[in-house]
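Each residue of the sequence shown is one higher than the one before, starting from 1 at the first, in UniProt numbering.
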Amino acid sequence: MAADIEGEGAYDIPYRCLIPQSVDNLLAAGRCISTTHEALATTRLTPSCMATGQAAGTAAAIAFHGKTIPRSIHVAKLQEQLRLADAVLE
């Protein structure tokens, strides 16, 4: 559970957690992302939901403007856009 998480309490949420395996042009955010049951204890909280929502929305915009599907965008470009929007990535 959440009490078992070690370290400083911060963790990364990989972009692949937002991408459904068998559906194109769909991104998940908040409690709907792919996680283990241990990770769900913290990913369902408001700050994580806001972060994944911002990432999903930004990824959708990049995919739309690039005329591609979300699973094909470059993560580095997504991270760059999120940093420009002052998102916390580290």
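Beta carbons are placed, not taken as given, at the ideal position from N, Cα and C, and that holds for glycine.
Using the beta-carbon count (16 or more within 10 Å), is residue i buried or exposed?
i     : result
Ser48 : buried
Leu18 : buried
Thr46 : exposed
Ala59 : buried
Ala55 : buried
Leu78 : buried
Ala85 : exposed
Thr52 : buried
Pro70 : buried
Kindly indicate which residue of the options has the alpha-carbon position closest to the one of residue i.
i     : options                    : result
Gly57 : Asn25, His37, Ala41        : Asn25
Phe64 : Leu27, Tyr15, Cys17, Ile13 : Leu27
Met50 : His74, Gly30, Ile73        : Gly30
Grab me the residues of residue i's own chain with a C-beta within less than 8 Å of its C-beta, minus the 5 sequence neighbours each way, in chain order.
i     : result
Leu82 : Gln54, Ala55, Thr58, Leu89
Enumerate in chain order the residues of its own chain whose CB-to-CB distance from residue i is below 6 Å, with the five nearest sequence positions on each side excluded.
i     : result
Cys32 : none
Ala76 : none
Thr35 : Thr43
Grab me the residues of residue i's own chain with a C-beta within less than 7 Å of its C-beta, minus the 5 sequence neighbours each way, in chain order.
i     : result
Ile62 : Ile73, Lys77, Leu78, Gln81
Pro20 : Leu26, Ala28
Gly66 : Ile73
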